[in-house]
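Notes for the one structure printed next.
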Amino acid sequence: MNVITLCNLFLLLMLQPSWSLDPYYKACYPRACGNLSISYPFYIRGVQEPYCGYPDFGVTCDRNNRSIINISGDNYIIQNISYDDQSVRVTKSAFLHPVFHCIHSIPNRTFNDPRFQLSTSHKTILLLQNCTENSIKRLQHNRITCISENENRTAFAVYEQENYVEKFAVNCDTMAKVPYEGQNDSNVENALRRGIVLNWTTSNCSACVSSGGRCGVDELTSEPRCFCPCRPHIYSFLRLNTTYCCPVIVLLNFGNRSILKFSFFT
């Protein structure tokens, strides 16, 4: 090994920063809750720092390793997350109980949450109660399992688009209109448990991740940030316009000459 090569190696070692020491980058690595990987825009309350996710995107990892998020005042279980598509499949927690015992506590809320948009392919299930005797006979196969022994409080789940619904639903009280995703199932309970797909509307994190960073937010302004491993400076991934989050040092050899090339995050 000649003197020039030794000098180049020494220079590279001297220039190499302590990239693994940035506390923001270290804090925001993805965490697991059950079989889900939780990262920006979500964060696990009490496990990850709030700046690792977007405001109000905190999830709770319960003792059964289920990821729970509150949407429009109701608790939903996260079934799947697609970070590439910026979508999440969720199911109202009451629908995952084996006997739907909390069905009567479900409020008739319109889905209205600025964080998410319903998938354009969603449909609607009506939850009905206090039906007349004739309607009860017609809707018997739509009865929700073991809700109540009081027949006057028996509830039914029906697909809104079914032809017979308009005729019989007028003789019932509508408890709630519940969106669902996918094909109609002969067992409406299965459709309810399947849940819905939501798209989040926060900034896309892919440019930051591709550059080697981890997404988060500014603690004071809640603006999106890209946390880089090399130093504590926080970059906005909205303005990320380079391939590398941190400086990259390349040694180019031209015969007896060597050139150090630096690529910086700008």
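Residue 1 is where the sequence shown starts when you use UniProt numbering, and the numbers rise one by one after that.
In this text, a Cβ means the ideal position worked out from N, Cα and C, and glycines have one as well.
Model, not experiment: these values are computed from the prediction.
TODO: Note the first and the last residue of the continuous beta strand (DSSP E) segment covering I77.
DONE: Looking up residue 77 in the sequence shown gives position 77. Looking at the DSSP string, the run of the beta strand (DSSP E) that includes I77 is D74 to S82.
- [ ] For the beta strand (DSSP E) containing P224, list its first residue and its last residue.
- [x] Working through the sequence shown from its first residue, we reach residue 224 at position 224. Unbroken beta strand (DSSP E) run through P224: P224 to F227.
Task: Among G73, D74, Y83 and Q79, the one whose alpha carbon lies nearest that of S67 - done: If you number the sequence shown from 1, residue 67 lands on position 67. If we check each option's Cα against that of S67, Q79 comes out closest.
TODO: State the start and end residues of the unbroken alpha helix (DSSP H) segment that holds L192.
DONE: Reading the sequence shown from its first residue, position 192 is the one you call residue 192. Here the alpha helix (DSSP H) through L192 covers V188 to R194.
Task: Which listed residue (I196, M175 and S39) has its alpha carbon closest to that of A155 - done: Locating residue 155 in the sequence shown gives position 155, where the first residue counts as 1. With distances taken between Cα atoms, A155 lies closest to M175.
TODO: Report the option in Y25, K92 and N65 whose CA atom is closest to the CA atom of S37.
DONE: Numbered from 1 along the sequence shown, position 37 holds the residue referred to as residue 37. Ranking Y25, K92 and N65 by Cα distance to S37 puts N65 first.
Open item on the list: Using a Cβ-based criterion (distance less than 8 Å to any ligand heavy atom), does S135 qualify as near the ligand ADP?
Closed with: Among the components modelled here there is no ligand, and therefore nothing to report on the ligand ADP.
- [ ] Identify whether P55 lies in helix, strand or coil by the three-state DSSP scheme.
- [x] By one-based count along the sequence shown, residue 55 stands at place 55. P55: coil per DSSP, three-state reduction.
Open item on the list: So if DSSP puts Q117 in a beta bridge, which residue, or which two residues, is it bridged to?
Closed with: Translated into the one-based positions of the sequence shown, residue 117 becomes position 117. Q117 pairs with N199.
Open item on the list: On the criterion of 16 or more Cβ atoms from any shown chain inside 10 Å, does L220 qualify as buried, or is it exposed?
Closed with: Looking up residue 220 in the sequence shown gives position 220. Around the beta carbon of L220, a 10 Å sphere encloses fewer than 16 other beta carbons of the protein chains shown; the residue is thus reported as exposed.
Task: For I77 and T91, believed in contact at Cβ under 8 Å, the rounded distance - done: Counted from its first residue, the sequence shown places residue 91 at position 91. Counted from its first residue, the sequence shown places residue 77 at position 77. The distance from the Cβ of T91 to that of I77 is about 5 Å, consistent with a contact at the 8 Å cut-off.
TODO: Determine the closest residue to I196 out of S206, D185, E181 and S186, with distance taken between C-alpha atoms.
DONE: In the sequence shown, residue 196 corresponds to position 196, counting from 1. Taking only the C-alpha atoms, the option nearest I196 is E181.
- [ ] Tell whether a beta-carbon distance below 9 Å holds between Y54 and S211.
- [x] Locating residue 54 in the sequence shown gives position 54, where the first residue counts as 1. Locating residue 211 in the sequence shown gives position 211, where the first residue counts as 1. Contact: no.
TODO: Could you tell me whether the Cβ atoms of N199 and S87 are closer together than 9 Å?
DONE: Sequence index remark: in the sequence shown, residue 199 carries index 199 (1-based). Sequence index remark: in the sequence shown, residue 87 carries index 87 (1-based). Closer than 9 Å, so yes.
- [ ] Spatial neighbours of S93 within its chain, please: CB distance less than 6 Å, with the 5 preceding and 5 following residues excluded, ordered by chain position.
- [x] The residue given as residue 93 occupies position 93 in the sequence shown. The answer, listed in chain order, is N75 and I77.
TODO: Output the distance between the C-alpha atoms of E49 and Q117, rounded to the nearest integer angstrom.
DONE: Within the sequence shown, the letter at position 49 stands for residue 49. Within the sequence shown, the letter at position 117 stands for residue 117. Between E49 and Q117, the C-alpha separation is close to 26 Å.
Task: 9 Å Cβ cutoff met for E160 and L126 - done: Looking up residue 160 in the sequence shown gives position 160. Looking up residue 126 in the sequence shown gives position 126. Contact: yes.
- [ ] Could you tell me whether the Cβ atoms of L205 and N171 are closer together than 9 Å?
- [x] For this step, residue 205 is matched to residue 205 along the sequence shown. For this step, residue 171 is matched to residue 171 along the sequence shown. According to the sequence displayed, residue 205 carries Cys and not Leu. Cβ atoms of C205 and N171: not closer than 9 Å.
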